[in-house]
Structures are given as C-alpha cells and as structure tokens.
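If you count the sequence shown from 1, position 102 lands on 102 in the numbering used here, and the numbers rise without skipping.
First comes the structure, then the notes that go with it.
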Amino acid sequence: WREVAEGALLASSVMRVHVASLQPYTTYILRVDSVFADERGTMTSRVSGGVRTPPAVPAVVSGLSVVNASSSSLQLTWQPLEGIQKGGGDDMDIEYRVEVVSSEPTQILSTLYIESP
1 WREVAEGALL ASSVMRVHVA SLQPYTTYIL RVDSVFADER GTMTSRVSGG
51 VRTPPAVPAV VSGLSVVNAS SSSLQLTWQP LEGIQKGGGD DMDIEYRVEV
101 VSSEPTQILS TLYIESP
C-alpha cells in the first residue's frame with residue numbers, strides 16, 4: 001500500500017492507495033479519476049456505493065463503583081457509553097461484559113453479558 005497526499009497524482013503503474021486518518025464507523029464514497037499527464041482532460045470512474053469503516057474498540061467504562069455489597073453478592077453501577085465512545089455512533093448497539101474473578105486462586109468465576117438499554 002502507498003499513502004498519497006490529497007491532490008497528488010500517481011504514476012500509471014500504481015494501482016493501490018492507502019487512505020489514512022479516517023473516522024471509525026463512517027461511510028465514505030470512493031472515486032478514481034484518470035487524467036492525461038499534460039492535463040488535457042479527465043475521465044472519472046463511477047462512484048462506489050460507499051464503504052463503511054469498521055467500528056473502533058469501545059471506550060473504557062467510567063464511573064464504575066460498588067453500591068451494595070454483602071457476604072454473597074455485589075451490586076455494580078457505571079456510566080453508559082455514548083456516541084463515539086461506543087466505537088462508532090449513537091446507532092451502535094453495545095453490550096457490557098461483567099466478569100467475576102477471584103483473587104485466590106486467580107480464575108474467572110462467571111461472565112455476564114448485559115445489553116445496553
């Protein structure tokens with residue numbers, strides 16, 4: 001792959017371009033122009049139907065706290081992720097995974113999956 005600055009012309013032997021600095025979970029329309037070297041004219045390819053970048057990894061949950069603890073149970077709360085924190089936009093569905101891990105010996109005791117409201 002090769003990264004090309006905006007507005008730069010490629011040699012006719014280059015058939016791949018690396019486009020960087022895109023936003024996660026965003027649709028981009030793509031087009032390729034063919035241009036005579038002496039700039040006599042331009043032919044434009046058909047525009048693609050659009051390509052969506054994959055979502056990014058969701059942000060770390062904030063505001064995690066234990067609000068109720070007994071000898072056999074814990075109640076946790078945290079702030080829900082919003083918008084780009086979800087790795088995309090507000091239309092991204094997200095769920096939370098809560099793992100219960102013992103410290104002696106270290107092992108996962110249970111895993112819960114919770115859908116966001």
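Note that beta-carbon positions come from the ideal geometry of N, C-alpha and C, so glycine has one too.
When rounded, the separation of the alpha-carbon atoms in residue 58 and residue 116 is 13 Å.
Residues of the same chain with a CB within less than 8 Å of the CB of residue 92, apart from the 5 flanking positions on each side, are 25, 55, 86 in chain order.
Here residue 88 is buried, its C-beta having at least 16 other C-beta atoms within 10 Å. Here residue 23 carries a coil assignment [DSSP, helix/strand/coil]. Cβ contact annotation for residue 109 (same chain, cutoff 6 Å, sequence separation greater than five): 100, 102, in chain order.
Nearest to residue 76 by C-alpha distance, out of 18, 31, 62, 23, is 62. Rounded to the nearest angstrom, the gap between the Cα atoms of residue 31 and residue 84 is 27 Å. For residue 75, the three-state secondary structure derived from DSSP is strand. Non-local beta-carbon contacts of residue 67 in its own chain, meaning distances under 8 Å to residues more than five positions away in sequence, involve 75, 76, 77 in chain order.
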